[in-house]
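Per our numbering, the very first residue in the sequence shown carries number 23; after that it's consecutive.
Just below is one structure, and these are the notes that go with it.
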Amino acid sequence: MRECLADVRELLVHFRTRTQDEAIDDALRATLSKFEHQTGLPTTLTMTGQGLPLAPDVQIQVLHIVQEALSNVRKHAGATRVELRVQRHPHWRFEVHDDGQGFDPEAVPPDSLHVGLGIMRERAQRIGAELTVASQVAGGGTCVRLELPSAVLADSPAASTTAAP
């Protein structure tokens with residue numbers, strides 16, 4: 023019952039995700055802060071490089087993917103810490119690392135009730151990004167990596183046609 027209530031609260035918070043003029047850095051910090059408050063797990067954010075801003079619709083999809091990865095950590099990983107690494111140059115890459123129990127991503131059937139991986143893949147596909155999930159079953163943790171093509175930058179003419187709402 024507690025987990026269901028936590029899931030509903032999490033959905034309500036994520037449903038309101040908006041970036042407006044907020045930089046992705048600030049939005050990611052806020053997301054990690056909410057996660058820490060909800061779970062008590064320590065998080066770190068590491069950002070490297072200087073890159074062009076992301077288109078607002080792409081930024082929303084990235085935030086939702088990061089939020090879903092964090093939700094999976096909360097529900098399944100048994101982790102003691104989480105790190106979000108962001109690389110801005112030569113292209114944007116987001117990695118959510120946890121030190122949890124790990125799992126076999128290939129063992130999760132596409133029609134599973136655990137829909138988080140499928141949702142993240144669909145969101146990545148909408149923006150032309152590549153999503154990779156690497157995990158060590160014997161307690162080595164999990165890394166969810168999202169790599170964006172350069173065509174999704176805010177000043178790119180392709181940005182408005184690449185991402186769907």
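The beta carbon of each residue, even a glycine, is placed where N, CA and C say it ideally should be.
All values derive from a computational prediction rather than experimental measurement.
Going by C-alpha distance, which of the options is nearest residue i?
i	options	result
VAL80	CYS165, PHE116, GLY140	PHE116
THR68	PRO127, SER157, GLN60, ASP48	ASP48
SER172	VAL159, PRO75, LEU50	PRO75
ILE87	GLN60, THR53, ARG110	THR53
GLU105	CYS165, GLN123, GLY161	CYS165
THR61	THR102, GLY163, PRO127, GLU152	THR102
Straight-line CA distance for residue i to residue j?
i	j	result
ASN94	THR70	25 Å
ALA45	GLY150	21 Å
ALA146	LEU92	16 Å
THR65	ASP120	9 Å
PHE125	PHE57	21 Å
PRO131	GLY138	12 Å
HIS113	GLU90	22 Å
So what's residue i in DSSP terms, helix, strand or just coil?
i	result
VAL159	coil
PHE125	coil
ARG143	helix
LEU54	helix
Any beta-carbon of chain C closer than 9 Å to the one on residue i?
i	result
ARG110	Absent here is chain C; the protein component of the structure consists of one chain.
Given a threshold of 16 other Cβ atoms within 10 Å of its Cβ, counted over all protein chains shown, does residue i qualify as buried or as exposed?
i	result
ILE141	exposed
Please specify which runs of the alpha helix (DSSP H), each continuous and at least 4 residues long, are wholly inside the stretch 57 to 103, giving them in chain order. 78 to 94
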